[in-house]
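**Q** All residue numbers for the sequence shown refer to numbering that gives the first Met the number 0, where the first residue is 0 and numbers rise by one. Below you'll find the structure I mean.
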Amino acid sequence: MKWIDGGVTAPKGFWAAGVSAGIKKGGTKDMAMVYSQVPCVAAGVFTTNVVKAAPVKWDYQVVHESDYAQAVVVNSGVANACTGAEGLGHCKETAKTAGEALGIPADAVLVASTGVIGAKLPMDKITEGVRTLKEALGSDQKAGALAAEAIMTTDTKPKEIAVETVIGGKTVTVAGMCKGSGMIHPNMATMLCFVVSDVKISHSLLQKALSDDVVDTFNMISVDGDTSTNDSVLLLANGLAGNEEITEEKEDYRAFCEALHVVMEELSKKIAGDGEGATCLFEVKISGAPTKEAARILAKSVVTSSLTKAAVYGHDANWGRILCALGYSGVSFDPEQVDIWFESRAGKLKIVENGVSTGYSEEEATKILSEEEVTAIADMKAGTETATAWGCDLTYNYVKINADYRS
Numbered sequence: 000m001k002w003i004d005g006g007v008t009a010p011k012g013f014w015a016a017g018v019s020a021g022i023k024k025g026g027t028k029d030m031a032m033v034y035s036q037v038p039c040v041a042a043g044v045f046t047t048n049v050v051k052a053a054p055v056k057w058d059y060q061v062v063h064e065s066d067y068a069q070a071v072v073v074n075s076g077v078a079n080a081c082t083g084a085e086g087l088g089h090c091k092e093t094a095k096t097a098g099e100a101l102g103i104p105a106d107a108v109l110v111a112s113t114g115v116i117g118a119k120l121p122m123d124k125i126t127e128g129v130r131t132l133k134e135a136l137g138s139d140q141k142a143g144a145l146a147a148e149a150i151m152t153t154d155t156k157p158k159e160i161a162v163e164t165v166i167g168g169k170t171v172t173v174a175g176m177c178k179g180s181g182m183i184h185p186n187m188a189t190m191l192c193f194v195v196s197d198v199k200i201s202h203s204l205l206q207k208a209l210s211d212d213v214v215d216t217f218n219m220i221s222v223d224g225d226t227s228t229n230d231s232v233l234l235l236a237n238g239l240a241g242n243e244e245i246t247e248e249k250e251d252y253r254a255f256c257e258a259l260h261v262v263m264e265e266l267s268k269k270i271a272g273d274g275e276g277a278t279c280l281f282e283v284k285i286s287g288a289p290t291k292e293a294a295r296i297l298a299k300s301v302v303t304s305s306l307t308k309a310a311v312y313g314h315d316a317n318w319g320r321i322l323c324a325l326g327y328s329g330v331s332f333d334p335e336q337v338d339i340w341f342e343s344r345a346g347k348l349k350i351v352e353n354g355v356s357t358g359y360s361e362e363e364a365t366k367i368l369s370e371e372e373v374t375a376i377a378d379m380k381a382g383t384e385t386a387t388a389w390g391c392d393l394t395y396n397y398v399k400i401n402a403d404y405r406s
């Protein structure tokens, strides 16, 4: 496997576009399209919030009931959430417009929205935006980059990745783009993610690969403890790589899952590291847990701790907050067996051994915690299972951004 430049236009047969439709002020790009030249098998995972936006309901139906999918239309600025039957009607209208422009059925079009909850989509702008997107479609790297830019809300940077691997003697590409910066919490987050591949694979195995992988990627990130109404991860595969169709969980399936995991994990980290107001990516690694689920729970408990996140922002090695967060996670362990380290590009420092301070250098700890990516490691010494969670520090700017988000 190797990393390559680009995003959703990297796999064979995928085109993309990003334009300004006037949904946002100031001419900012606010609509994107991803299109495959041939029909795709599609998989999806969606928000666990009981309050689900209209696009989530529409996409669930397309993924599980349509014969195939071939395009995705995304708008940013308006979430189309809590908009009732009218909101679902707007999804249908958007898909119909895109289908007519692209010459494909409406039920082969996935739609996604992100932005302010409760606001209605400006359908005149959406309709014209879809037509503009169709004319702007391109297969080069720039087209993919424009699409990644157009789906942003409070994100400070576009997020995309592409990798290549070999399956059945054929070069297979897996690539993706995502957005997410706030309202991010395990079991997913205010995030939209679109992964595409030219692999040939059955629908059932594509869904299984995605559902299995999200447990250790997008379900392990947190910015602020809020789970959104619009969270969606969509995965499209068009088969143009020419590999023999993957229909069994054998070597080819495992190779695809490995590439998918690299893409999903990297996009997860990009979201966590770009949390609203954040100055660093905060990673939590748990080892020595009794079960895999226990390891996940422990990692999430630390990465979501507001006090720990504030300490990371202050470059303060306040390890008591980490041990405390482990303690209220609900997992049983012996606190007098726990070891804790801080690690970054500036070095690695053991700060706790068997539940007590090692007498570490505060100066060295502060240096380690001052990097753009910081890791806390906890060895529970209660088993062999591991897990990793990703988040960010908690800063003054988080409050400022969310205090005036609508205005």
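Backbone N, C-alpha and C fix where the C-beta goes; we use that ideal spot for every residue, glycine too.
1) What distance in whole Å lies between the Cβ atoms of Ile116 and Ala80, which are believed to be in contact at a cut-off of 8 Å?
2) Taking the alpha helix (DSSP H) that Phe13 belongs to, which residues open and close that run?
3) According to DSSP, is Glu352 helix, strand or coil?
4) Among the residues of its own chain, which have a CB less than 7 Å from the CB of Lys156, if the five just before and after it don't count?
5) Specify, as a first and last residue, the run of the beta strand (DSSP E) that Glu92 falls within.
6) Given that a residue counts as buried once 16 or more other Cβ atoms are within 10 Å of its Cβ, and exposed if not, what is Gln36?
7) How far does the beta strand (DSSP E) with Ala325 in it reach, from first residue to last?
8) Are the Cβ atoms of Ala111 and Ser231 separated by less than 7 Å?
9) Does the separation of the CB atoms of Val162 and Ala258 fall below 7 Å?
10) Given that a residue counts as buried once 16 or more other Cβ atoms are within 10 Å of its Cβ, and exposed if not, what is Arg320?
11) How is the alpha helix (DSSP H) around Ile296 delimited, first residue to last?
12) Can the beta-carbon of Trp340 be found closer than 7 Å to that of Ile376?
13) Taking the beta carbon of Ser369 as the centre, do at least 16 other beta carbons fall within 10 Å, making it buried, or is it exposed?
14) Run through the region 142-177 for me and flag every whole beta strand (DSSP E) of 3 or more residues, listed as ranges in chain order.
15) Which residues in the same chain as Glu64 place their Cβ atom closer than 8 Å to its Cβ, once the five residues preceding and following it in sequence are excluded?
16) Are Ser328 and Leu297 closer than 7 Å when you measure CB to CB?
17) When the distance is taken between beta carbons, is Asn74 closer than 7 Å to Gly167?
18) Helix, strand or coil, according to DSSP, for Val110 in the structure here?
19) The beta strand (DSSP E) with Pro38 in it runs from where to where?
20) Can you tell me whether Glu264 is helix, strand or coil according to DSSP?
**A** Short version:
1) On the sequence shown, residue 80 is found 81 positions in, with the first residue counted as 1. On the sequence shown, residue 116 is found 117 positions in, with the first residue counted as 1. Right, the Cβ-Cβ distance comes to about 5 Å (below 8 Å), so this counts as a contact.
2) Counting from one through the sequence shown, the residue named residue 13 turns up at place 14. Phe13 -> not in any alpha helix (DSSP H); beta strand (DSSP E) instead, spanning Phe13 to Val18.
3) In the sequence shown, the residue the question calls residue 352 occupies position 353. If DSSP states are grouped into helix, strand and coil, Glu352 belongs with the strands.
4) Along the sequence shown, read from residue 1 onward, the residue named residue 156 stands at position 157. Contacts found: Asp273.
5) Indexing the sequence shown from 1 puts residue 92 at position 93. Run containing Glu92: none in the beta strand (DSSP E); it sits in the alpha helix (DSSP H), Gly83 to Leu101.
6) Stepping through the sequence shown from its first residue, residue 36 is reached at position 37. Answer is exposed; the Cβ neighbour count stays below 16.
7) Along the sequence shown, read from residue 1 onward, the residue named residue 325 stands at position 326. A small fix is needed here, since residue 325 is Leu in this sequence, not Ala. Premise fails: Leu325 lies in the alpha helix (DSSP H), Trp318 to Gly326, not in any beta strand (DSSP E).
8) Against the sequence shown, residue 111 aligns to sequence position 112. Against the sequence shown, residue 231 aligns to sequence position 232. Contact: yes.
9) For the purposes of this step, residue 162 is taken as the residue at position 163 of the sequence shown. For the purposes of this step, residue 258 is taken as the residue at position 259 of the sequence shown. Yes; because the gap between Cβ atoms is below 7 Å, this pair is in contact.
10) In the sequence shown, counting from the first residue as 1, residue 320 sits at position 321. By the neighbour-count rule (16 or more Cβ atoms within 10 Å), Arg320 is buried.
11) As a working note, residue 296 is residue 297 in the sequence shown. It spans Lys291 to Val302 - the alpha helix (DSSP H) in which Ile296 sits, taken as one unbroken run.
12) As a first step, residue 340 is located in the sequence shown; it is residue number 341 there, counting from the start. As a first step, residue 376 is located in the sequence shown; it is residue number 377 there, counting from the start. Result yes, Cβ atoms of Trp340 and Ile376 sit closer than 7 Å.
13) What you label residue 369 is simply residue 370 of the sequence shown in a count that begins at 1. The residue is exposed, with fewer than 16 neighbouring Cβ atoms inside 10 Å.
14) Entirely contained in the region 142-177, the beta strand (DSSP E) runs reaching 3 residues are, in chain order, 158-166.
15) On the sequence shown, residue 64 is found 65 positions in, with the first residue counted as 1. These residues qualify, in order along the chain: Asp106.
16) Looking up residue 328 in the sequence shown gives position 329. Looking up residue 297 in the sequence shown gives position 298. A contact, by the Cβ cut-off of 7 Å.
17) The residue labelled residue 167 in the question sits at position 168 within the sequence shown. The residue labelled residue 74 in the question sits at position 75 within the sequence shown. The answer is no: Cβ separation not under 7 Å.
18) Stepping through the sequence shown from its first residue, residue 110 is reached at position 111. It is a strand residue.
19) Translated into positions along the sequence shown, residue 38 becomes position 39. Looking at the DSSP string, the run of the beta strand (DSSP E) that includes Pro38 is Met30 to Phe45.
20) The residue given as residue 264 occupies position 265 in the sequence shown. Note: Glu264 maps to helix in three-state DSSP.
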